Amino acid sequence: MSAVTVSQVRKRFGETEALAGVDLTVDEGEVVGLLGPNGAGKTTLVRVLATLLPPDAGQARIFGLNVVDDANAVRRSIGLTGQHAAVDELLTGRENLRMFGELFHLSGRRAGDRADELLDRFDLADAADRPARTYSGGMRRRLDLASSLLVRPRLLFLDEPTTGLDPRSRNAIWEVTRELVDDGTTLLLTTQYLEEADQLADRIAVIDHGDIIAEGTGDDLKDAIGGQVVDVVLLDPADRSRALEAVPAAEPLSDPRRFRVPVAEDSALGVLGTVADTLRRIGIEVHDLGLRRPTLDDVFLELTGDGPAGGAASDGQGGADTSSTTAGDGQGGAHASSTTAGDGQGGADGSNSTDDGAPSADAAEAGGSARGDDDDDQEAVA
Ligand SMILES: Nc1ncnc2c1ncn2[C@@H]1O[C@H](COP(=O)(O)OP(=O)(O)O)[C@@H](O)[C@H]1O
Ligand SMILES: [Mg+2]
Numbered sequence: 008m009s010a011v012t013v014s015q016v017r018k019r020f021g022e023t024e025a026l027a028g029v030d031l032t033v034d035e036g037e038v039v040g041l042l043g044p045n046g047a048g049k050t051t052l053v054r055v056l057a058t059l060l061p062p063d064a065g066q067a068r069i070f071g072l073n074v075v076d077d078a079n080a081v082r083r084s085i086g087l088t089g090q091h092a093a094v095d096e097l098l099t100g101r102e103n104l105r106m107f108g109e110l111f112h113l114s115g116r117r118a119g120d121r122a123d124e125l126l127d128r129f130d131l132a133d134a135a136d137r138p139a140r141t142y143s144g145g146m147r148r149r150l151d152l153a154s155s156l157l158v159r160p161r162l163l164f165l166d167e168p169t170t171g172l173d174p175r176s177r178n179a180i181w182e183v184t185r186e187l188v189d190d191g192t193t194l195l196l197t198t199q200y201l202e203e204a205d206q207l208a209d210r211i212a213v214i215d216h217g218d219i220i221a222e223g224t225g226d227d228l229k230d231a232i233g234g235q236v237v238d239v240v241l242l243d244p245a246d247r248s249r250a251l252e253a254v255p256a257a258e259p260l261s262d263p264r265r266f267r268v269p270v271a272e273d274s275a276l277g278v279l280g281t282v283a284d285t286l287r288r289i290g291i292e293v294h295d296l297g298l299r300r301p302t303l304d305d306v307f308l309e310l311t312g313d314g315p316a317g318g319a320a321s322d323g324q325g326g327a328d329t330s331s332t333t334a335g336d337g338q339g340g341a342h343a344s345s346t347t348a349g350d351g352q353g354g355a356d357g358s359n360s361t362d363d364g365a366p367s368a369d370a371a372e373a374g375g376s377a378r379g380d381d382d383d384d385q386e387a388v389a
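When we follow my numbering, the leftmost residue of the sequence shown carries the number 8, and every step to the right adds one.
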């Protein structure tokens with residue numbers, strides 16, 4: 008049975024066509040990654056599927072039930088962890104979970120037991136009795152994810168579960184996500200990171216401007232893009248056209264200082280050496296030069312011949328002095344820069360409540376206020 012069936016769903020906000028006729032299916036037990044830059048329509052689609060937002064046109068069904076007509080029944084089978092952690096700052100981790108337990112009508116004892124189990128599993132047991140405001144960004148995300156699992160949903164939506172997290176927190180989220188998947192939870196996961204989609208998803212759908220522009224396995228996408236790339240950030244963007252002429256197979260990226268060279272069949276070190284030698288020979292200085300795995304930027308370059316819409320994958324991260332693959336850099340490529348992984352991306356950090364009976368979903372409603380205060384989420388990337 009299909010867990011999710013989306014057919015020609017459209018949603019417009021004023022001038023913005025957030026969803027432009029999306030078709031997508033997720034089978035029961037499957038993990039699908041919805042990969043796209045900031046503003047692509049990921050959260051809008053998740054909100055439609057979670058019954059928080061009616062589509063303007065088209066149809067969406069969850070386990071055969073219409074998200075508009077059968078909204079209450081749909082809500083009973085889904086869990087959602089929004090893009091921005093929705094935890095009550097004043098309550099402790101344990102209290103947060105118990106509160107969600109009450110909202111889901113668990114008995115006091117069952118809620119307590121389940122809370123303990125989840126605190127343990129999400130590595131929050133030691134911090135369970137501290138107010139959530141003392142938690143790091145990664146801990147908040149884990150707590151938020153735990154709250155959407157108090158009652159085991161048949162289908163879970165994870166909206167950018169690791170955006171803005173440091174590599175260690177990201178790995179922790181990946182780990183618990185994998186456990187859920189092993190338990191057979193059907194998952195629709197949105198992300199800006201190719202690496203994340205590839206790590207977690209059986210199948211990846213690439214979304215851009217509210218439209219699915221490609222679908223396949225991680226390997227399909229990587230085959231299309233090629234393997235590793237040499238990534239170059241020049242000191243001076245004015246040098247780029249000269250560099251592109253001199254370096255064989257060089258391709259410009261959306262950041263005017265950057266270009267990449269696919270490694271293809273050749274040896275990575277060979278390509279790295281050639282690039283370095285060539286640039287030195289023609290007297291061009293680099294800010295950064297390194298080997299990395301493909302990122303969303305590369306996917307878009309391949310699929311559309313251009314960077315993500317408006318360079319969005321990067322700009323949305325809001326890092327002050329980072330190159331346009333900041334997001335990707337945080338994803339564990341062998342990149343040698345010391346830029347910060349996804350700091351200060353604009354998201355609401357606070358708790359807010361909704362009156363629509365879908366408590367774990369309110370994060371998806373949150374707009375863009377700052378969450379730049381999670382200092383341990385701003386580690387340098389090795
Ligand atoms: N409530 C809203 N009002 C106006 N515009 C919105 C609203 N929600 C989303 N949008 C716009 O719709 C587009 C898609 O947004 P969103 O689904 O949040 O993208 P993503 O989650 O992929 O970053 C963006 O251009 C965004 O600015
Ligand atoms: Mg979003």
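Beta carbons: idealized from backbone N, C-alpha and C, even for Gly.
It should be emphasised that the depicted structure is a prediction, and the values quoted were computed from it without experimental measurement.
Item	Value
At least three beta-carbon pairs within less than 8 Å, the segment 12-27 to the segment 193-201	no
Cβ-based burial, His91 [other Cβ within 10 Å; buried from 16]	buried
DSSP-derived helix/strand/coil call for Leu194	strand
Distance cut-off 6 Å: Lys229 Cβ against heavy atoms of ligand 2	no
DSSP three-state assignment for Phe164, whether helix, strand or coil	strand
Coil, strand or helix - Phe408 by DSSP	What the structure shows of the chain is the stretch from 8 to 389, and residue 408 is not part of that stretch, so it cannot be assessed.
Buried versus exposed, by CB contacts within 10 Å (16 or more), Ser248	exposed
Asp356 classed as buried or exposed, judged by whether at least 16 other C-beta atoms fall within 10 angstroms	Caution applies to Asp356, whose pLDDT of 34 falls short of 50 and renders its modelled position unreliable; the model cannot decide the point.
Residue from Gly100, Thr12 and Glu96 with nearest C-alpha to Phe70	Thr12
Residues near Asp205 in its chain [Cβ-Cβ closer than 6 Å; skip 5 each side]	Gly225
C-alpha distance - Arg54 paired with Tyr200, whole-angstrom precision	20 Å
Bridge partner(s) assigned by DSSP for Asn73	Arg68
Three-pair Cβ contact test at 8 Å for the segment 69-85 versus the segment 234-253	no
Same chain, Cβ closer than 8 Å to Leu113, five either side skipped, listed in chain order	Arg121, Leu157 and Val158
Residue closest to Gly217, alpha-carbon to alpha-carbon, out of Ser14, Leu52 and Arg300	Leu52
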